[in-house]
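In this note's numbering, the protein residues as written are 7 to 824.
A short write-up of the structure that comes next.
As structure tokens, then:
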């Protein structure tokens with residue numbers, strides 16, 4: 007009640023409408039006023055209900071005369087108190103119909119949150135009650151008891167029905183959490199008392215017993231073609247033979263040993279038949295579901311959930327994950343009849359009724375749990391999770407013909423789910439036009455599949471092939487853009503590798519003595535790149551394409567003042583050709599003289615003494631003019647400058663930067679590509695930054711430091727998805743290329759738009775939470791791991807409890823003996 011009051015108060019503060027605020031205020035005030043009285047009455051009424059249920063269970067156990075009675079003739083359980091019978095809506099007024107609907111809705115929201123613990127509790131309670139097999143309908147702690155008593159208390163005071171409806175809407179989650187905690191404590195108490203959980207047993211029918219006696223009297227030689235399971239050589243149970251053993255799965259909440267065996271090994275009892283008590287239980291549930299759907303679901307049919315504009319207005323990466331599971335209502339406009347959880351439940355129960363083998367029942371249960379797990383995966387957009395829920399009827403039908411399809415990664419049924427999930431990682435906004443195109447094709451395909459009869463994998467193959475074909479057509483334009491960009495980047499990377507090698511070879515020349523550092527920087531940088539570029543584009547396999555290598559010795563000689571002053575004529579004749587060749591090489595590379603202006607200015611200064619001598623007409627002129635002051639000599643290269651260094655990242659020209667999506671104004675001289683400082687409030691690419699309070703921290707609420715950002719970046723691999731803030735919006739982008747040294751990265755967003763950046767830029771964006779990696783690991787595989795782990799965890803926990811608390815010399819507890 008406290009949780010509901012808080013929710014209603016928050017809704018009142020946020021509501022823009024006066025009438026709505028008044029209604030919300032009245033609702034939470036009424037609930038708060040009723041809290042003391044209702045709390046006391048709930049406790050007493052709940053205890054009374056438990057006592058009645060326990061008494062009924064005791065009478066049921068006595069009538070069975072256990073353990074001598076034939077388990078195959080199990081008692082058909084009475085209709086569950088929380089279910090809707092065939093006459094639930096006859097001769098009742100609208101208020102009673104509404105009450106039944108609300109009760110059913112509350113229970114449907116509570117059950118999925120406690121079903122795993124409830125299955126374990128049912129088994130332990132049935133054993134403690136002395137029942138032959140698991141009877142969940144006799145568990146006095148059923149969720150419907152909690153829900154029914156809660157609604158009885160509300161209805162006693164007869165408040166406004168609309169107010170009750172609003173309360174119940176918000177009570178499901180806190181009620182489920184409280185019930186879950188109670189179940190955990192009760193299970194722990196029963197296990198401490200060494201209560202042995204009831205198991206699913208393989209029971210023999212009277213006919214099978216007679217056959218067994220006959221076989222025993224004849225030495226077991228009856229039936230020469232019988233397989234190990236007694237059903238025939240292939241173990242299939244076909245050819246008109248009835249199975250000799252039946253599994254009693256009358257409480258069809260499959261769990262523990264039987265479920266684990268099926269998940270891990272295929273199930274040794276998968277080909278067993280099913281006992282009559284199982285079909286009796288299923289028939290009862292199916293009748294209740296159909297009766298409820300005719301009235302309760304009809305009132306809700308066609309209602310679209312209201313669109314939450316506040317949710318839509320949030321940034322795509324900041325929208326909270328909404329809960330979706332197998333019981334969630336879906337849009338009837340999108341999914342038709344299967345938008346109603348009731349209709350999906352009917353299909354599920356009908357298929358259980360049609361099952362003839364244990365393996366089919368187990369397969370149906372795995373599909374239900376698997377779909378439920380995928381539906382709760384927060385990495386997927388809500389419409390995608392709802393699509394997987396809507397596909398459940400087809401997956402259930404597939405499980406009838408191929409119960410263990412989920413265990414094969416290449417199976418069409420599993421691949422369809424996985425491919426749709428993986429494809430959806432291209433989008434981060436369920437309201438975007440791009441996602442609408444993708445989702446429209448998925449809904450059309452899934453609805454077609456749900457309308458088909460599933461006799462084999464062919465329908466899934468056809469649907470998946472059709473989707474893949476349409477996706478390939480959409481990707482063609484992106485592929486061409488990606489190919490162009492990657493070709494340019496691969497060329498730049500190879501050019502840089504060759505340039506590094508050329509620079510290393512030049513650094514070992516013997517004529518580098520007294521060469522100024524500025525000249526060596528030019529040779530080991532731009533000129534090595536120009537030579538590497540010429541070699542890569544050369545189609546004639548020349549030793550020195552364009553003669554760029556022959557420039558090196560001339561350039562080195564021309565900058566040594568002590569030798570050029572002795573042979574000024576040679577230098578004067580050499581300079582025009584030397585400068586022309588240098589400009590030609592840089593033009594081929596894509597650089598302009600302005601980008602190497604410092605080098606050419608220094609080169610002119612180095613040549614200046616010889617050029618001044620040319621202007622002297624005679625020695626007399628020289629004597630008359632006095633000593634000619636020489637330009638200050640450029641300092642020789644330091645030992646550090648004489649060592650060629652490997653470039654940290656490939657050099658990219660202006661055109662390459664544009665093609666690769668470097669939005670910043672980058673320097674094109676060799677060296678690190680750094681973003682030009684952006685004005686305050688903008689990102690390096692000129693975008694307005696998101697609010698720091700929202701985007702400067704990670705999911706756990708703290709800012710990332712440099713080491714954390716570096717670790718995150720190093721975990722990215724080609725194909726990884728990220729959310730990237732660019733041009734005032736959050737984009738979903740994929741890493742398609744990283745340089746060999748991981749110093750340059752290129753991402754591609756929707757439409758083939760490239761986004762390239764340096765390692766330093768990436769780390770800054772990660773620290774500021776403007777680049778966020780997306781977990782895109784296998785969705786179905788991960789969900790299946792969770793289902794398997796949950797199945798094994800319960801058995802392990804119970805085994806550990808027995809080991810920890812059972813004294814080695816103590817006599818067996820009476821519950822355990824029973």
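C-beta atoms are modelled at their ideal positions from N, C-alpha and C, and glycine is treated no differently.
{"Item": "Of the listed residues 745, 327, 375, nearest to residue 795 (C-alpha basis)", "Value": "375"}
{"Item": "Residue 129 and residue 116 closer than 7 Å at C-beta", "Value": "no"}
{"Item": "Proximity to residue 527 [Cα-Cα], best of 453, 554, 650", "Value": "650"}
{"Item": "Closest Cα partner of residue 494 within the set 775, 186, 748, 752", "Value": "752"}
{"Item": "N-terminal and C-terminal residue of the beta strand (DSSP E) that residue 780 is part of", "Value": "777-780"}
{"Item": "Beta-carbon proximity list for residue 566, same chain, < 6 Å, skipping 5 on both sides", "Value": "520"}
{"Item": "Those runs of the beta strand (DSSP E) which lie wholly inside the region 716-785 and span at least 3 residues", "Value": "727-732, 735-744, 750-755, 759-764, 777-780"}
{"Item": "Inter-residue spacing [alpha-carbon to alpha-carbon] between residue 359 and residue 285", "Value": "6 Å"}
{"Item": "Reference residue 644; option with closest CA among 523, 152, 31", "Value": "523"}
{"Item": "Three CB pairs or more closer than 8 Å across the region 770-783 and the region 359-373", "Value": "no"}
{"Item": "Residue from 151, 742, 609 whose Cα sits closest to the Cα of residue 667", "Value": "742"}
{"Item": "Which listed residue (152, 276, 562, 499) has its alpha carbon closest to that of residue 516", "Value": "562"}
{"Item": "Through-space distance from residue 408 to residue 739, alpha-carbon basis", "Value": "37 Å"}
{"Item": "Segment limits, alpha helix (DSSP H) that includes residue 365", "Value": "364-381"}
{"Item": "Residue 797, buried or exposed, once every other Cβ within 10 Å from all chains shown has been counted against 16", "Value": "buried"}
{"Item": "Bounding residues of the alpha helix (DSSP H) (the contiguous stretch that carries residue 508)", "Value": "464-512"}
{"Item": "Residue 335 - DSSP class collapsed to helix/strand/coil", "Value": "coil"}
{"Item": "Classification of residue 352 by the beta-carbon crowding that lies within 10 angstroms, buried from 16 upward", "Value": "buried"}
{"Item": "Contiguous alpha helix (DSSP H) assignments of at least 4 residues, all confined to the region 411-468", "Value": "418-430, 439-456"}
{"Item": "Beta-carbon contacts of residue 648 that lie in its chain and below 7 Å, excluding the five residues immediately before and after", "Value": "513, 518, 526"}
{"Item": "First and last residue of the uninterrupted alpha helix (DSSP H) at residue 22", "Value": "Looking at the DSSP string, residue 22 is not in any alpha helix (DSSP H), and its letter there is neither H nor E."}
{"Item": "Buried or exposed by the 16-neighbour rule on C-beta atoms within 10 Å, applied to residue 432", "Value": "buried"}
{"Item": "For residue 337, the nearest candidate out of 393, 429, 324 (CA to CA)", "Value": "393"}
{"Item": "Inter-residue Cα distance where the pair is residue 389 and residue 592", "Value": "54 Å"}
{"Item": "CA-to-CA distance, residue 380 to residue 825, given in whole angstroms", "Value": "Shown here, the chain extends from 7 to 824; a query on residue 825 therefore has no answer."}
{"Item": "Top-ranked residue by Cα proximity to residue 722, from 783, 168, 541", "Value": "783"}
{"Item": "Beta-carbon proximity check, residue 864 vs residue 499, cutoff 7 Å", "Value": "Nothing in the structure corresponds to residue 864, since the chain is present only between 7 and 824."}
{"Item": "Assigned secondary structure, residue 526 (DSSP; H/G/I helix, E/B strand, else coil)", "Value": "helix"}
{"Item": "C-alpha gap between residue 608 and residue 614, whole angstroms", "Value": "10 Å"}
{"Item": "Per-residue DSSP class, three states only, for residue 555", "Value": "coil"}
{"Item": "Residue environment, residue 662, which counts as buried when at least 16 other CB atoms sit within 10 Å", "Value": "buried"}
{"Item": "Pair within 7 Å by beta-carbon distance, residue 769 and residue 717", "Value": "no"}
{"Item": "Bridge partner(s) assigned by DSSP for residue 642", "Value": "522"}
{"Item": "Residues of its chain near residue 488, where Cβ-Cβ distance is below 7 Å and the 5 sequence neighbours each way are ignored", "Value": "742, 754, 758"}
{"Item": "Pairwise C-alpha distance: residue 539 and residue 327", "Value": "51 Å"}
{"Item": "Reference residue 453; option with closest CA among 765, 12, 401", "Value": "401"}
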